[in-house]
Amino acid sequence: MGAAMRRIHVGNALSAFGLGFTVPYLYVYVAQVRGLGSVTAGLVLAVFAVAALIVLPFAGRAIVRRGPLPVLLVALVTAALGALSLGLSASAGTVLLSAAALGAGQAVMQPALATMIVDCSTTETRSRAFAMQFFLQNLGLGVGGLIGGHLVDTTSASSFTLLFAIEAAMFLVLVAVMATVRVPRAPRIEEAPGQTGGGSWKQLLGNRAMVQLCVLGFVLFFACYGQFESGLSAYGVEAAGISTSALGTALAANTLMIVIAQFAVLKFVERRKRSRVIASVGLIWAVAWAVAGYAGLGHGSQTMATAAFISTYALFGLGEAMLSPTLAPLVADLAPTGLAGQYNSAFALVKQLALAIGPAVGGPLGASLHAPYVVAFLLFSLGITVLAVRLGRQLTDVQNQPSLARSRVVTQGGAPADAVVAAEA
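Residues 822 to 1246 in my numbering are what the sequence shown lists, from first letter to last.
See below:
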């Protein structure tokens, strides 16, 4: 890693640490500590999603025109102001406005940081760079949540004010760190005559591989991340009789699996076709949902049900570890020169849509219709496998398996590259 990439990874860790500090406690803070009720607390969570959906289409264009670093710095300052204001807010109006600022800033950070990783990496190093990003994000979230949980006191609003102030400070520290990054200059949209904002979106929508990847991404995030803290947890409590402490253990097992497996699976993933890696994740998650079905519908002992439920979250973590060096680099490789920011923002927008719709659909299903819930999401997971296989047909050989590019470079001046590729196939 160069100095720029090291700073970017520090930035990812710090931003995740700040988020882990507050996100798990937002509902309690708004509903109970500030006494604004469950409806306002639910609206705060909805505002996060809505703010992200509003700003992301504009963020992609801004990243393309201005570069990812200026956009990131604006997003960090906005998020810091939103976090500090949220910690001081006592009325529903100010809480919602603060949540909108915080949610918008957080949403823009993702594609900006992803584009910086793209600009500071090569096709050969990109998978490892994104794997490191995912590893540090999960580590930061876990550590932040653990420390934040020991600082909060539901009887004291000042403890939450301290929590949000620390989060704001993390974002401002990140501003100082990222301001020192020297990102290699990537082509900007002004350097591509004839490409207007509408034209670049039309170009993106005309890219069949990217459109298929967005559809696949929606199903991935809807069937996994969109269920973690809503449908799957509701199903575990209602159908499997899982205690809150066991639910916390399951979430910890998910993070632990990612931390342990991330770099263990990296070499395996790097040498395989990306479409096949994603297809295998669908099969792993189908097994996870089958195990969840046993936990809630298998009529076994409570100990076995709890063990099965924890295993479900661990299996999801294994799939996540396989996806982190696969999805984001694929988005970057599909983007034309100078448009990585727009493609990253479009994919982030798809993710936010899935995360907004997933809990709304999965929560009621998981709480009341137990068997249909498990069957439906098992089928969604198998659908991931089907969509991944179809996506593979739209990708070039190097887009699907970047390791082939290294083989072609090695064979320059020697045997024809096509012969080497054919031999590897």
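In this text, a Cβ means the ideal position worked out from N, Cα and C, and glycines have one as well.
So, is residue 1015 buried or exposed, given that buried needs 16 or more other C-beta atoms within 10 angstroms? As a working mapping, residue 1015 is identified with position 194 in the sequence shown. In this prediction, residue 1015 scores a pLDDT of 41, lower than 50, which makes its location untrustworthy; the coordinate-derived value is nonetheless stated afterwards. It counts as exposed.
Assumed close pair residue 928, residue 1082 - CB separation to whole angstroms, cut-off 8 angstroms: Position 107 of the sequence shown, counting from 1, holds the residue named residue 928. Position 261 of the sequence shown, counting from 1, holds the residue named residue 1082. At roughly 28 angstroms, the Cβ-Cβ gap does not stay under 8 angstroms, so residue 928 and residue 1082 are not in contact.
Rounded C-alpha distance that separates residue 1141 from residue 1079: For the purposes of this step, residue 1141 is taken as the residue at position 320 of the sequence shown. For the purposes of this step, residue 1079 is taken as the residue at position 258 of the sequence shown. Residue 1141 and residue 1079: Cα-Cα distance of roughly 7 angstroms.
When you compare the CB positions of residue 1167 and residue 1096, do they come within less than 8 angstroms of one another, or not? As a position in the sequence shown, residue 1167 is number 346, starting the count at 1. As a position in the sequence shown, residue 1096 is number 275, starting the count at 1. For residue 1167 and residue 1096, no; Cβs fall outside 8 angstroms.
From residue 941 to residue 827, what does the alpha carbon distance come to, in whole angstroms? Position 120 of the sequence shown, counted from the first residue, corresponds to residue 941. Position 6 of the sequence shown, counted from the first residue, corresponds to residue 827. Answer to the nearest angstrom: the Cα atoms are 10 angstroms apart.
Close beta carbons around residue 1216, own chain, < 7 angstroms, minus the five adjacent residues each side: Mapped onto the sequence shown, residue 1216 falls at position 395. Cβ within range, chain order: 1030, 1096.
Suppose you measure from the CA of residue 1202 to the CA of residue 1037; what does that come to, to the nearest Å? On the sequence shown, residue 1202 is found 381 positions in, with the first residue counted as 1. On the sequence shown, residue 1037 is found 216 positions in, with the first residue counted as 1. Rounded to the nearest angstrom, the two C-alpha atoms are 11 angstroms apart.
Measure the C-alpha to C-alpha separation of residue 1013 and residue 917 and round it to an integer number of angstroms. For the purposes of this step, residue 1013 is taken as residue 192 along the sequence shown, with counting starting at 1. For the purposes of this step, residue 917 is taken as residue 96 along the sequence shown, with counting starting at 1. A caution first: residue 1013 carries a pLDDT of 42, below 50, which makes its placement in the model unreliable, though a value can still be read off. Computed Cα separation, rounded: 40 angstroms.
Rounded straight-line distance, which links the Cα of residue 1213 to that of residue 861: Sequence index remark: in the sequence shown, residue 861 carries index 40 (1-based). Sequence index remark: in the sequence shown, residue 1213 carries index 392 (1-based). Near 44 angstroms, if we compare the C-alpha coordinates of residue 1213 and residue 861.
For residue 992, which of 1047, 868, 1144, 835 has the nearest alpha-carbon? Reading the sequence shown from its first residue, position 171 is the one you call residue 992. Selected option, being the one with the closest Cα: 835.
Can you tell which of 923, 910, 947, 884 has its C-alpha closest to the C-alpha of residue 900? Taking the first residue of the sequence shown as 1, we reach residue 900 at position 79. Residue 923 is the option with its Cα nearest to residue 900.
Can you tell me whether residue 1069 is buried or exposed? The criterion is at least 16 other CB atoms within 10 Å of its CB, across all chains shown. Stepping through the sequence shown from its first residue, residue 1069 is reached at position 248. Its Cβ having fewer than 16 others within 10 Å, residue 1069 is exposed.
Which whole-angstrom value is the C-beta distance of residue 1177 and residue 870, which I expect to be below 8 angstroms? In the sequence shown, the residue the question calls residue 1177 occupies position 356. In the sequence shown, the residue the question calls residue 870 occupies position 49. With 8 angstroms as the limit, residue 1177 and residue 870 qualify as a contact, their Cβ atoms being about 4 angstroms apart.
Counting pairs of Cβ atoms below 8 angstroms between the segment 1180-1192 and the segment 1085-1099, do you hit three or more? no
Does the beta-carbon distance from residue 1139 to residue 1105 come in below 8 angstroms? For the purposes of this step, residue 1139 is identified with residue 318 of the sequence shown, where counting begins at 1. For the purposes of this step, residue 1105 is identified with residue 284 of the sequence shown, where counting begins at 1. Against a cut-off of 8 angstroms, the Cβ pair of residue 1105 and residue 1139 comes out as a contact.
I need the DSSP call for residue 825, collapsed to helix, strand or coil. Position 4 of the sequence shown holds residue 825. Looking at residue 825 - three-state DSSP - the assignment turns out to be helix.
Measuring CA to CA, which of 1171, 1211, 1165 is closest to residue 933? The residue given as residue 933 occupies position 112 in the sequence shown. When each option's Cα is compared against that of residue 933, the closest is 1165.
From residue 1137 to residue 957, what distance separates their C-alpha atoms? Numbered from 1 along the sequence shown, position 316 holds the residue referred to as residue 1137. Numbered from 1 along the sequence shown, position 136 holds the residue referred to as residue 957. Rounded to whole angstroms, residue 1137 to residue 957 spans 18 angstroms at the Cα level.
In three-state DSSP terms, what is residue 1011? Position 190 of the sequence shown, counted from the start, is the residue given in the question as residue 1011. Per-residue confidence for residue 1011 stands at a pLDDT of 43, beneath the threshold of 50, marking its modelled position as unreliable; the derived number appears in the next sentence. Helix, per DSSP.
My understanding is that residue 1150 touches residue 947, with C-beta atoms under 8 angstroms, so please give their C-beta distance in whole angstroms. The count along the sequence shown starts at 1 and reaches residue 1150 at position 329. The count along the sequence shown starts at 1 and reaches residue 947 at position 126. That pair is a contact at about 4 angstroms.
Can you tell me where the alpha helix (DSSP H) with residue 1091 in it begins and where it stops? Taking the first residue of the sequence shown as 1, we reach residue 1091 at position 270. Residues 1087-1091.
Specify the secondary structure class of residue 988 as computed by DSSP and reduced to three states. Locating residue 988 in the sequence shown gives position 167, where the first residue counts as 1. Three-state DSSP puts residue 988 in a helix.
Quick one: using the 10 Å Cβ neighbour count with 16 as the cut-off for buried, is residue 1085 buried or exposed? Translated into the one-based positions of the sequence shown, residue 1085 becomes position 264. Label assigned to residue 1085: exposed.
Give me the residue from 983, 944, 984 with the minimum Cα distance to residue 1224. In the sequence shown, counting from the first residue as 1, residue 1224 sits at position 403. Residue 944 is the option with its Cα nearest to residue 1224.
Separation of residue 841 from residue 931, as counted between CA atoms: Indexing the sequence shown from 1 puts residue 931 at position 110. Indexing the sequence shown from 1 puts residue 841 at position 20. Rounded to whole angstroms, residue 931 to residue 841 spans 15 angstroms at the Cα level.
What is the C-beta distance between residue 965 and residue 1074, in whole angstroms, given that I count them as a contact (C-beta under 8 angstroms)? As a position in the sequence shown, residue 965 is number 144, starting the count at 1. As a position in the sequence shown, residue 1074 is number 253, starting the count at 1. Contact doesn't hold; Cβ gap of about 18 angstroms is too wide.
How many angstroms separate the CA atom of residue 996 from the CA atom of residue 983? Position 175 of the sequence shown, counted from the first residue, corresponds to residue 996. Position 162 of the sequence shown, counted from the first residue, corresponds to residue 983. Spanning the two alpha carbons is a distance of roughly 20 angstroms.
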